Amino acid sequence: MFGTGLFVCMGCMGTLSDSKGEYLDYLGGVLTFAFAIATSVMIFGHISCIINPALVAADVIRGEKSLFMFVYITVMECLGAFLGYALLRVLVADELLGGTSGSFCCSTKDVRVTSLRAMGVEMLITAILCLLFCSVQDPKNSDRNSTVALKFGFGCFALLLPSVHYASSSMNPARSFGPALYNNHWKDQWIYWVGPLSGAIISAVIYMLLFAQHFPRSKREIRPNSHI
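The numbering used here numbers the first residue of the sequence shown as -16 and each following residue consecutively.
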């Protein structure tokens, strides 16, 4: 919950407008979100911080989480995203929201993009993120544990930058849910649940079938600070 709240608060802060009411460049927003993810992993990773319901779903496929834990963690992540966003709105004046106080930092697709295509983009980029997640968890990477935060930071930057104009590049249902709940802005919300969750599940299945070392569960070395 705390990791998700920190991530959403920091990330959305990077999309504030300047003194003229104009939005800052997209590169700055993408960098802020990527570094916010890395920072959250560095702070909370050692206590099994998971800030993305899609990756929790991947853990269910991998046999590391139960369906009950998926529901519980998802609820806590959504609560954390709402509280982090609410904290930002309390601290920041509406004048800095660029005239979009009712939809600020809400995940929305480009009007020129169909809903199915936007969902496909979310599915694709979340599937790639899930491959990174599964790779970090793989016992073959047990000696590279110290760079987990950097891996996720750079990985998210590479995924966010080309897709942010297209479909907001959420990759995280909780990140989309928090601002939507606060603003009561539910347009296209289903895209940011169906796309990331289905992409993560498919990606986890592919990794388990093609790339993972098939050690018995009791012999796996799942490291708490490898979660996101």
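We put the beta carbon where it would ideally sit given N, CA and C, even for glycine. It should be emphasised that the depicted structure is a prediction, and the values quoted were computed from it without experimental measurement.
**Message:** Quick check: what's the CA-CA separation for GLY4 versus THR(-2)?
**Reply:** Only weak support exists for where GLY4 lies, its pLDDT of 49 falling under 50; the coordinates are left without a value.
**Prompt:** Taking DSSP as the reference, what is the three-state secondary structure of LEU(-1)?
**Reply:** coil
**Asked** Are LEU70 and CYS139 close, meaning C-beta to C-beta below 9 Å?
**Response** no
**Message:** Assess contact between the stretch 42 to 61 and the stretch 170 to 178, defined as three or more Cβ pairs (one per stretch) separated by less than 8 Å. Is contact present?
**Reply:** no
**Item:** Whole-angstrom distance between GLY178 and ASN155, CA atom to CA atom
**Value:** 9 Å
**Asked** What did DSSP end up calling ALA110 once you bin it into helix, strand or coil?
**Response** helix
**Item:** CB-CB length for ILE56 against PHE135, believed under 8 Å
**Value:** Not confirmed; about 17 Å, so no contact.
**Request:** Please work out which residues of its chain come closer than 6 Å, Cβ to Cβ, to GLY(-14), disregarding the five sequence neighbours upstream and downstream, and give them in chain order.
**Result:** SER23, PHE27, CYS32, ILE34
**Alpha-carbon to alpha-carbon, PHE16 and CYS(-5)** = 8 Å
**Item:** Beta-carbon proximity of CYS89 to PRO162, cut-off 9 Å
**Value:** yes
**Item:** Separation of ALA110 from GLN191, as counted between CA atoms
**Value:** Inspection of the sequence shows that residue 191 is occupied by Met rather than by Gln. Cα-Cα distance, rounded: 13 Å.
**Item:** Same chain, Cβ closer than 7 Å to LEU62, neighbours up to 5 away in sequence not counted
**Value:** MET(-16)
**Prompt:** Count the other CB atoms within 10 Å of the CB of ALA76; is the residue buried (16 or more) or exposed (fewer)?
**Reply:** exposed
**Asked** Which of helix, strand or coil does DSSP assign to ILE34?
**Response** coil
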